[in-house]
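Colleague:
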Amino acid sequence: MSDSQLRLSFEFFPAKTAEGKEKLIKVRDELNFFNPDFFSVTYGAGGSTRDNTKGLVTKFKADGISTAPHLSFGGDDDDSIKQLIQEYKDAGVDRIVALRGDMPSGVGGGMQLVYANELVAFIRKHFGEHFHLEVAAYPEIHPQAKSYSDDVRYLKGKFDAGANSAITQYFFNPDAYFFFIDQCHKAGITQPIFPGIMPIINYKNLIRFSDACGAEIPRWLRKALENYGDDEASLKAFGVELISELCETLLENDAPGLHFYTMNQTEPTAQIVRNLGLIPVE
Ligand code: FAD
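Numbering (our numbering), first residue to last: 10 to 291.
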């Protein structure tokens, strides 16, 4: 990155259509201006975007851009996951976001989810230290976790299995992140935990997303967002200000970097990064 040790990364989800893919390359090039450490590309529940994720990651790599696929076992067996990881390695990929993932909707009891610590151990067993392994962390606690301490313990388990760093679920309350980091330190976690940042783009989608993944939208924020009704431009402007302040607070208090859930859009992520002064030096 530009003038500091801060790590910056941008997340995309794979586009389905040729037009979507073309648009994504344009967004990537615009965000690449900020000289991020890497881009990442999500993996649909149950491996449903296997080919699209792989296609996008290998295209980005071929264009000389550091890119990490998200990966989970989904419904795959050891051999097919090993083959997919080998293909990534052959394409020059050196970082993976290793996840348990979720059950795709409509799938019955036949599919067994594989915990992320097991995927981390699997990758280390078969590929040694080749990959930098990222895992997911939840400052507001994973919705299925039995308790706060269990969730922290399982995060520690992912590091013990060989993960190098974690990226968090998004949150709007910085205290949730700071408290979580304290609890992680107390549990003996020393690896960096990068906050995941969700720009505010669309009220309804944000509510739907947040309810599904257990990210809390504080009452005051929900009410403030409701106030904008259909006025998307004002909502976005408010969101840019709010999220820029959140990022500033995080960085002032030693967050090691930022990971943006870009929603495949240049703005508002680019404006937030500009507000933070994270512009590469010529
Ligand atoms: P795990 O770490 O395996 O944890 C899952 C649950 O089980 C937690 O409640 C935990 O407390 C518990 N647990 C963990 N280990 C054990 C164990 N060994 N024994 C018993 N219980 C355990 N989803 C996608 O579908 N595609 C993506 O690309 C994607 N990218 C993501 C990126 C980030 C940065 C984040 C934060 C989330 C992402 N997700 C993605 C969502 C994620 O897949 C879900 O939150 C999923 O429910 C949990 O995945 P995990 O890797 O955190 O699971």
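A virtual CB, placed ideally from N, CA and C, is assigned to each residue, including glycine.
For S75, name the three-state secondary structure that DSSP assigns.
Modeller: In the sequence shown, counting from the first residue as 1, residue 75 sits at position 66. Correct three-state label for S75: coil.
Colleague: Taking P204 as part of the alpha helix (DSSP H), name the residues at either end of that continuous run.
Modeller: Start at 1 with the first residue of the sequence shown, and residue 204 comes out as number 195. Looking at the DSSP string, P204 is not in any alpha helix (DSSP H); the run it does join, the beta strand (DSSP E), is I202 to I206.
Colleague: Is it the case that the Cβ atoms of T62 and P45 are separated by a distance below 9 angstroms?
Modeller: Here residue 62 corresponds to residue number 53 of the sequence shown, with the count starting at 1. Here residue 45 corresponds to residue number 36 of the sequence shown, with the count starting at 1. No, the Cβ-Cβ distance between T62 and P45 is not below 9 angstroms.
Colleague: What do you get for R217, buried or exposed, if any count of 16 or more other CB atoms within 10 angstroms of its CB means buried?
Modeller: Along the sequence shown, read from residue 1 onward, the residue named residue 217 stands at position 208. With fewer than 16 other Cβ atoms within 10 Å, it is exposed.
Colleague: Indicate whether the contact test is met: 3 or more Cβ pairs, each with one atom in the region 164-178 and one in the region 243-252, closer than 8 angstroms.
Modeller: Flag = no, the region 164-178 and the region 243-252 do not touch.
Colleague: Please classify G238: does DSSP put it in a helix, a strand, or coil?
Modeller: Position 229 of the sequence shown, counted from the first residue, corresponds to residue 238. It is coil, neither helix nor strand.
Colleague: Decide if D160 is buried, meaning its Cβ has at least 16 other Cβ atoms within 10 Å, or exposed.
Modeller: As a position in the sequence shown, residue 160 is number 151, starting the count at 1. Flag for D160 reads buried.
Colleague: V123 and L142: beta carbons closer than 9 angstroms?
Modeller: Looking up residue 123 in the sequence shown gives position 114. Looking up residue 142 in the sequence shown gives position 133. The answer is no: Cβ separation not under 9 angstroms.
Colleague: Report the option in G166, A107 and S81 whose CA atom is closest to the CA atom of M120.
Modeller: Working through the sequence shown from its first residue, we reach residue 120 at position 111. When only C-alpha atoms are compared, the closest one is S81.
Colleague: Does the region 22-33 come within contact of the region 61-76, defined as at least 3 CB pairs closer than 8 angstroms?
Modeller: Because the criterion of three Cβ pairs below 8 angstroms is met, the region 22-33 and the region 61-76 touch.
Colleague: Based on the DSSP secondary-structure assignment, which residues constitute the bridge partners of I105?
Modeller: Locating residue 105 in the sequence shown gives position 96, counting from the first residue. The partner list for I105 (beta bridge, DSSP) reads L142.
Colleague: Let me confirm a value: F42 is counted as buried when at least 16 other C-beta atoms fall within 10 Å, else exposed. Which label applies?
Modeller: The residue you call residue 42 lines up with position 33 of the sequence shown. Exposed.
Colleague: Assign N273 to one of three DSSP states: helix, strand, or coil.
Modeller: For the purposes of this step, residue 273 is taken as residue 264 along the sequence shown, with counting starting at 1. In this structure, N273 counts as coil in the three-state DSSP scheme.
Colleague: What residues match up with I176 in a beta bridge as DSSP calls it?
Modeller: Residue numbering aside, residue 176 sits at position 167 when the sequence shown is read from its first letter. Paired residues: A145 and F203.
Colleague: Hey, would you say the C-beta of H135 is under 8 angstroms away from at least one heavy atom of the ligand FAD?
Modeller: Here residue 135 refers to the residue found at position 126 when the sequence shown is read from its first residue. Not under cutoff, so the answer is no.
Colleague: I'd like to confirm the pairing. Which residues does DSSP put opposite G266 in its beta bridges?
Modeller: Working through the sequence shown from its first residue, we reach residue 266 at position 257. Paired residue(s): R16.
Colleague: Can you tell me whether T271 is buried or exposed, with buried defined as 16 or more other CB within 10 angstroms of its CB?
Modeller: Start at 1 with the first residue of the sequence shown, and residue 271 comes out as number 262. When all chains shown are included, T271 counts as buried.
Colleague: Taking a contact to mean a Cβ-Cβ separation below 9 angstroms, would you say L244 touches Y212 in this structure?
Modeller: Sequence index remark: in the sequence shown, residue 244 carries index 235 (1-based). Sequence index remark: in the sequence shown, residue 212 carries index 203 (1-based). In this structure, Y212 lies closer than 9 angstroms to L244 by Cβ.
Colleague: What is the DSSP secondary structure of S49, counted as helix, strand or coil?
Modeller: For the purposes of this step, residue 49 is identified with residue 40 of the sequence shown, where counting begins at 1. Strand.
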